[in-house]
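Notes for the one structure printed next.
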Amino acid sequence: MDLNSASTVVLRVLTQATSQDTAVLKPAEEQLKQWETQPGFYSVLLNIFTNHSLDVNVRWLAVLYFKNGIDRYWRRVAPHALSEEEKTTLRAGLITNFNEPVNQIATQISVLIAKVARVDCPRQWPELIPTLVESVKVQDDLQQHRALLTFYHVTKTLSSKRLAADRKLFYDLTSSIYSFACSLWNHHTDTFLQQICAGNEAAAANSLERTLLSLKVLRKLTVHGFVEPHWNAEVMGFLHAVFERLKQFLECSRSIRTENICRDRLEKTIILFTKVLLDFLDQHPFSFTALIQRSLEFSVSYVFTEAGEGIVFEQFIVQCMNLIKMIVKNYAYKPSKNIQDSSPETLEAHKIKTAFFTYPTLMEICRRLVTHYFLLTKEELSMWEEDPESFSVEETGGDSWKYSLRPCTEVLFIDIFHEYNQILTPVLLEMVHSLQGSTNIEDTNAILIKDAVYNAVGLAAYELFDSVDFDQWFKNQLLTELQVSHDRYKPIRRRVIWLIGQWISVKFKSDLRPVLYEAIRNLLQDRDLVFSVHLQSVLFFLNGCSPVDDFEFRTDQFLPYLESMFTLLFQLLQEVTQCDTKMHVLHVLSCVIERVNMQIRPYVGCLVQYLPLLWKQSEEHNMLRCAILTTLIHLVQ
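Spelled out as structure tokens, the structure:
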């Protein structure tokens, strides 16, 4: 493909390919597809997307076609592979200058350079890294940023290669550029802090972007660029510096009160600092030993004391909790039962953990988790009031523990309680005893505290097996609380039925089940509680589907409630609108049918008639259709 004559033709077809008219668009796409394997086509595309005078949409499309071509035709063994001569020309053209003015196109160019680097760097492209290192030193803001953006994408891509030979190459690369990467990050970080202190937010925003990119580079180099990073003084120096920088950036967040771009970027940078620590702990637990004490002190201080008030934000709290959790739970830090079988590194890490988690520290963490982080927020209560079904679906099927505050706090509580149950059991029991008896319905805070404490007892059910007489507690207090009908007591009724669901597979006498069936039947008529799906969890256990081997379901106990329970559940199935809720209800109905067997016959006519309609309505929900089929199987059997 002759470049001079082809450029005009390709440019015209690319312009047509950006058209909204399908009559123009389709032929253009076909023509471009035919050119994909033509020699010289990618050289033409390079000339087009680096020509800043052309239409942005055309240049964008040229970059995308170039990037897709790398995936398909860059490797030597690929069908219609590009010639070595053309690849040499393209590599040189890609790093001639870093002055792309459009952010989206600049990102795509950085990504495609990284794709080429994955295949060719450093053997066929030894000049790439030196060129990038020199380019990030220039004074021009635009060129510096684009080069740094490319530097990050190249580092990210090379760090992800897993073959031994590739790992060795990345280790060599890291050792050659790590000092430079550290000094680059320190320079941009210091510049940002100086500008923000001077009140120059516009300049600070630019410096912060460079701080973020240089930190991203360092994260990849630090985590993936060393076999035993604890022997490298620069690596450990950088990681210790992370804590100091974190404090500085958190203090900066105080001064930036308004929700602007700079604050958004600042929070992203703060989160990235925590990701450096989390990734390093995950990949190099023994190298992290020297950081355990400082990580715990930092995280506990900001999350569980007054030091974090007015500074911390939700995602930062989540990251700190994840850091604590990973240290507490890390198998590398747990000695063997036979101490002689444990490595010195494990014993040292365990010693540091034990020295930190004293009784006062654990007690404060436990109390703060329960009485602060477990509390239902005003937003959650409002959502429950406005849309109970959506609230329940979001609460039970929301984000994973890593990213959402509520599940994160609960998982941290479970892990710490499991690890230190002998210390924390009396603390939790004392909280329970302080809440004995009814709670003043006018005292909203007291109700929320009780909800939180009951949540903790449910989460720690297996650990509390020998410490709580749940049957007596159920008879003397919990059953009474289920019968309080005032609307303000709704959170407690909801939590109590969930609590029973947690304990029923741990410790619950068979003789008490009829009393509980009666309570559940009454509560099934309270739709706000039913939507929390905890009632269905209880029914799931009560109907013999518990994973506990010695659980025995007695049909004779359940039969007096069968008709009313089945009717209420069927009504609920018809009323709910969300797929997840319908699946839960269907699952409970299936359990009931399976357990009572032939005795379900008088009551299933309405369900048999409804399921075909539900099947039609669930055309786009395969999991719901699976639940329908499961219910039908039980009906037929």
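All residue numbers for the sequence shown refer to the UniProt record's numbering, where the first residue is 1 and numbers rise by one. Think of the CB as a built atom: it goes at the ideal place given N, C-alpha and C, for glycine as much as any other residue. Predicted, not measured: the structure shown is a model, and the values here were computed from it.
{"query": "Given E29 as reference, the closest of V13, E619 and T269 once Cα atoms are compared", "result": "V13"}
{"query": "Candidates I324, R595 and V312: closest to I365 by CA position", "result": "I324"}
{"query": "Cα-Cα separation, V533 to A290", "result": "Note on V533: pLDDT 45, under 50, position unreliable in the model; no value is reported."}
{"query": "Exposure label - H145; buried when at least 16 CB within 10 Å", "result": "buried"}
{"query": "Candidates Q139, A233 and E419: closest to K329 by CA position", "result": "E419"}
{"query": "C-alpha distance - K18 paired with L45, whole-angstrom precision", "result": "A quick correction: the sequence has Thr, not Lys, at residue 18. Their backbone Cα atoms lie some 15 Å apart in a straight line."}
{"query": "Distance cut-off 7 Å: M363 Cβ against heavy atoms of the ligand FAD", "result": "In terms of ligand content, the structure shown is empty, and the ligand FAD therefore cannot be addressed."}
{"query": "Proximity to A460 [Cα-Cα], best of H433, K490 and V506", "result": "V506"}
{"query": "I628 to T581 span [Cα, whole Å]", "result": "13 Å"}
{"query": "N- and C-terminal bounds of the alpha helix (DSSP H) containing W503", "result": "K490 to W503"}
{"query": "Alpha carbon of N455 to alpha carbon of H584, nearest angstrom", "result": "21 Å"}
{"query": "Helix, strand or coil at E619 [DSSP, three-state]", "result": "coil"}
{"query": "In chain order, each beta strand (DSSP E) run of at least 3 residues that lies wholly inside the region 406-466", "result": "none"}
{"query": "Cα-Cα separation between F413 and L369, rounded to whole angstroms", "result": "7 Å"}
{"query": "Spatial neighbours of D279 in its chain, beta-carbon cut-off 7 Å, leaving aside the 5 residues before and after", "result": "R219 and V223"}
{"query": "Own chain residues within Cβ distance below 6 Å of V303, not counting five before or after", "result": "I317 and C320"}
{"query": "Beta-carbon proximity of V596 to F558, cut-off 8 Å", "result": "yes"}
{"query": "With 16 other Cβ atoms within 10 Å as the buried cut-off, status of V58", "result": "buried"}
{"query": "Spatially closest choice to L568 from I311, L523, Y373 and F374, by CA coordinates", "result": "L523"}
{"query": "Candidates E36, V77, S336 and L82, of which the one nearest L64 by Cα", "result": "E36"}
{"query": "Close-in-space but distant-in-sequence residues of the same chain around C606 (CB under 8 Å, 5 per side omitted)", "result": "F570"}
{"query": "Option in P126, L499, Q477 and Q637 with minimal Cα separation from A598", "result": "The amino acid at residue 598 is misidentified as Ala; the sequence shows Met. M598 has its Cα closest to that of Q637, out of P126, L499, Q477 and Q637."}
{"query": "Buried or exposed by the 16-neighbour rule on C-beta atoms within 10 Å, applied to P285", "result": "buried"}
{"query": "Residue closest to I352, alpha-carbon to alpha-carbon, out of T15, P335 and L464", "result": "P335"}
{"query": "Cβ shell of E251 (< 8 Å), same chain only, five flanking positions each side left out", "result": "I311"}
{"query": "Best match in Q483, C408 and A181 for proximity to Q525 [C-alpha to C-alpha]", "result": "Q483"}
{"query": "Buried versus exposed, by CB contacts within 10 Å (16 or more), F465", "result": "exposed"}
{"query": "Chain-order list of residues whose beta-carbon lies under 6 Å from that of D399 (same chain, five-residue window excluded)", "result": "In this prediction, D399 scores a pLDDT of 43, lower than 50, which makes its location untrustworthy; no coordinate-derived value is stated."}
{"query": "Inter-residue Cα distance where the pair is N51 and P122", "result": "28 Å"}
{"query": "When H188, K87 and F238 are compared against S214, the one with the closest alpha-carbon", "result": "H188"}
{"query": "R72 to A81 span [Cα, whole Å]", "result": "8 Å"}
{"query": "CB contact flag (Y610, Q574, <8 Å)", "result": "yes"}
{"query": "Counted within 10 angstroms of its Cβ, other Cβ atoms place residue 662 as buried (16 or more) or exposed", "result": "There is simply no residue 662 to check, as the chain begins at 1 and stops at 637 in what is shown."}
{"query": "Nearest-angstrom Cα separation, counted from E234 out to Y171", "result": "15 Å"}
{"query": "Neighbourhood of Y373 by C-beta, 6 Å cutoff - its chain only, sequence neighbours within 5 removed", "result": "T409"}
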